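Quick note: the sequence shown uses my numbering, first residue 8, plus one each step.
Ideal placement from N, C-alpha and C gives every residue a C-beta, glycine not left out.
Keep in mind it's a predicted model, so treat the numbers as computed, not measured.
For reference, the structure discussed in these notes is given below.
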Amino acid sequence: MRLTLAFTALLSLAGCSSWQPDAEDIEPVPAERVLAYQQPLANAGEVVVTRDFGLRGGGCYIAVLIDRELAARIHVGEVVRFQVPAGARIVSIGTDPLDDTLCGKLSLRREKLAQVQAGQTLKFRVISDNRIGFDIVPAVP
8 MRLTLAFTAL LSLAGCSSWQ PDAEDIEPVP AERVLAYQQP LANAGEVVVT RDFGLRGGGC
68 YIAVLIDREL AARIHVGEVV RFQVPAGARI VSIGTDPLDD TLCGKLSLRR EKLAQVQAGQ
128 TLKFRVISDN RIGFDIVPAV P
């Protein structure tokens, strides 16, 4: 009985953390939810954001912001690409301001400073962790 309880508790905690999707399971964010940074630019780089799979917040979109401007609304297992000017960029996630459901009432803001060079691609993951909640982290190949 104790073993069953311990296993159930461990399983419930593990269910809150996210996991990186396999490449074949990732879908692009539909065009109607990509709101900015789609035009090719001279002297630009690319920022790619992928949202992990996971149960926490699975029914909610998360706002992806570039330089604190809403750029996309991303769901689990989706990827979005942005064309951004070279230089220092703030890549962040937050509560979706276009969501008028309970999901839109949450408080979320995580930011990373990205030094984008012309021709460079920087990749980030949106993760959910059972200790810290949502975060945006550099993707490790």
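In the DSSP assignment, find the beta strand (DSSP E) that holds residue i and state where it starts and stops.
i: Arg40; result: That residue, Arg40, is in no beta strand (DSSP E); it is neither H nor E in DSSP.
i: Asp136; result: Thr128 to Asp136
i: Val71; result: Ile69 to Ile73
i: Lys119; result: Arg116 to Val123
Indicate whether residue i and residue j have their beta-carbon atoms separated by less than 7 Å.
i: Asp66; j: Ser135; result: It should be pointed out that residue 66 corresponds to Gly in this sequence rather than to Asp. The answer is no: Cβ separation not under 7 Å.
i: Gln122; j: Ala95; result: yes
i: Arg58; j: Ile81; result: yes
i: Tyr68; j: Asp103; result: yes
i: Ile97; j: Asp74; result: yes
i: Val83; j: Val56; result: no
Classify residue i: buried if its beta carbon has 16 or more other beta carbons within 10 angstroms, exposed otherwise.
i: Glu31; result: exposed
i: Arg138; result: exposed
Provide the residue(s) that pair with residue i in DSSP beta bridges, ordered along the chain.
i: Glu53; result: Gln90 and Thr128
i: Gln46; result: DSSP output for Gln46 lists no bridge partner at all.
i: Ile143; result: Val133
Check the C-beta distance from residue i over to residue j and give it rounded, since I have them as a contact under 8 Å.
i: Arg40; j: Ala79; result: 6 Å
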